[in-house]
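Here is the structure we will look at, set down as structure tokens.
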């Protein structure tokens, strides 16, 4: 554990709390892509299958349980509790175009041909593109509630912080995880456009609006 | 390989 990874994990936690807070206070999941949230459930469940086989630390185990539980809770909020506020007609990104290629990549690039390793690899690739339905929705509507942009910023910050973590681990432990690093760089790259608008508009007190 | 010691990152 180093400071970058810890701050990244805190940022990830913060993003989830911001999202739940947004849905509960506005009593609406407007502007949130159900598809992205559903992919996150798939990501956490497939990645944390080792919850039953590998013990790393109390921190590690609690975070895994929290991520699985909170992502399922968000799906419940969207599909049951605040269902009428979820508009599938603007959530049109085709998730199957993500899952297919990620499954192929997982079969080619993994750390061992076992069910858990291939699913772990799949979860890494899937996480790297999970935000696309959400960003696509943002692009389509051209605007977002400020709280939603804070959610995305925290999620993007989590990914960005994992990069110095990997650099640190390379020099301090000689540890390199090429699958995580490659997918992580791609994932962080997807946020660059969003971050540009977030820093130049939202943090200057303006509304998140994309040019027409 | 990283998986020798399990995946310790989240």
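Residue numbers (my numbering), protein chains in the order written: chain A, 3 to 214; chain B, 22 to 31.
Glycine included, C-beta positions come from ideal geometry on N, C-alpha and C.
Subject >> Residues that residue 62(A) contacts on chain B, provided the C-beta gap is smaller than 8 angstroms >> reply: Indexing the first chain from 1 puts residue 62(A) at position 60. Within 8 angstroms Cβ-Cβ: 29, 31.
Subject >> Spatial distance of residue 50(A) from residue 103(A) (CA atoms) >> reply: One-based indexing of the first chain puts residue 50(A) at position 48. One-based indexing of the first chain puts residue 103(A) at position 101. The alpha-carbon atoms of residue 50(A) and residue 103(A) are separated by roughly 21 angstroms.
Original post:
Mind checking whether residue 137(A) and residue 101(A) have CB atoms under 8 angstroms apart?
Top reply: As a position in the first chain, residue 137(A) is number 135, starting the count at 1. As a position in the first chain, residue 101(A) is number 99, starting the count at 1. The answer is no: Cβ separation not under 8 angstroms.
**OP:** Check each residue of the region 34-63 of chain A: if its Cβ is closer than 7 angstroms to any Cβ of chain B, include it; give the result in chain order.
**Re:** 52, 56, 58, 62
Subject >> Contact set for residue 145(A): own chain, Cβ-Cβ below 8 angstroms, skip 5 residues either direction >> reply: Taking the first residue of the first chain as 1, we reach residue 145(A) at position 143. Excluding residues within five positions, the ones whose Cβ falls inside 8 angstroms are 209, 210, 211, 212.
Subject >> Any C-beta of chain B under 8 angstroms from that of residue 72(A) >> reply: In the first chain, counting from the first residue as 1, residue 72(A) sits at position 70. By this cut-off, residue 72(A) is not an interface position.
Original post:
Would a C-beta distance cut-off of 8 angstroms place residue 10(A) and residue 177(A) closer than the cut-off?
Top reply: For the purposes of this step, residue 10(A) is taken as residue 8 along the first chain, with counting starting at 1. For the purposes of this step, residue 177(A) is taken as residue 175 along the first chain, with counting starting at 1. No, these two residues do not count as a Cβ contact at 8 angstroms.
Subject >> Paired residues, beta bridge with residue 146(A) - DSSP >> reply: For the purposes of this step, residue 146(A) is taken as the residue at position 144 of the first chain. Its beta-bridge partners are 210(A).
Original post:
If you draw a straight line from the C-alpha of residue 36(A) to the C-alpha of residue 46(A), how long is it?
Top reply: Counting from one through the first chain, the residue named residue 36(A) turns up at place 34. Counting from one through the first chain, the residue named residue 46(A) turns up at place 44. So the alpha carbons of these two residues sit roughly 16 angstroms apart.
Original post:
So which residues of chain B does residue 91(A) contact, with C-beta pairs closer than 9 angstroms?
Top reply: Numbered from 1 along the first chain, position 89 holds the residue referred to as residue 91(A). The premise fails here: residue 91(A) is roughly 34 angstroms from chain B at the closest Cβ pair, so nothing lies under 9 angstroms.
Original post:
Should the region 68-77 of chain A be regarded as contacting the region 15-32 of chain A, the criterion being three or more beta carbon pairs within less than 8 angstroms?
Top reply: yes
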